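Number 22 in the UniProt record's numbering belongs to position 22 of the sequence shown; there are no gaps in the numbering.
Glycine residues also receive a C-beta, built at the ideal position from the N, C-alpha and C atoms.
Quick caveat: nothing in here was measured; it's all calculated off a predicted structure.
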Amino acid sequence: MTVSPQVIPAAPTPAPGASGSQNSSAPTPLGLFDRLAPRLHQYGLGMLRAGLGGVFVWFGVLKVIGLSPAAVLVVDVLPFPAGGWFVPALGWAEVALGLWLMSGRARAVALPVLTAHLCGTFAVLVLTPSVAFTHSNPLLLTLVGEFVVKNVVLLAGVVVVTTHPDTRRR
């Protein structure tokens, strides 16, 4: 395979009348955003971890105390008969997952566990599509469908906070 010279950009040439004494490899000064971005990124990761963990704890507590609007949905989607213990047990598991996520510990183990839990929520889309979609159209989500599909964002956040390099140990 040959590369056409038309595809390779030409090397920049100095402007006419420019002195050749300037060092063209000198770095350009960073703008305010570029200087702040690394620190903001670190703060953002912490905020994302706390926010995700907080959502898990909050939703879990609602299941434990019997006030979760999602409890009926959970029971309806299960492929087995669930006793009155299941939703509170799931709630305690979500509380534990949230605290684990906020701790930042054992991230390599937390990632698959949290991923499995979040992917489990997508069962609604497969097992009870009439609850998730209007007129069986996968583009027309019901309120329940939106509730479930937003877990794609939670899943992405979990991947980000569990896989970023731990700079505290360096």
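Residue 80 carries a coil assignment under DSSP once its states are collapsed to helix, strand and coil. In the three-state reduction of the DSSP assignment, residue 67 falls in the coil class, being assigned neither a helical nor a strand state. Of the residues assessed, residue 162 falls on the buried side of the cut-off, its CB having 16 or more other CB atoms within 10 angstroms. The beta carbon of residue 140 is closer than 8 Å to those of 133, 134 in its chain, skipping five residues each way along the sequence. Contact check for residue 94 and residue 122: beta-carbon distance about 16 Å, past the 8 Å limit, so the pair fails to qualify. The shortest CA-to-CA distance from residue 91 to any of 58, 76, 110 is the one to 58. One thing to note: residue 63 has its Cβ no nearer than 9 Å to the Cβ of residue 50. For the 9 Å CB-CB criterion, residue 78 and residue 131 do not form a contact. Leaving aside the five residues that flank residue 124 on each side, the residues in its chain whose CB is nearer than 6 Å to its CB run, in chain order, 77, 132, 148.
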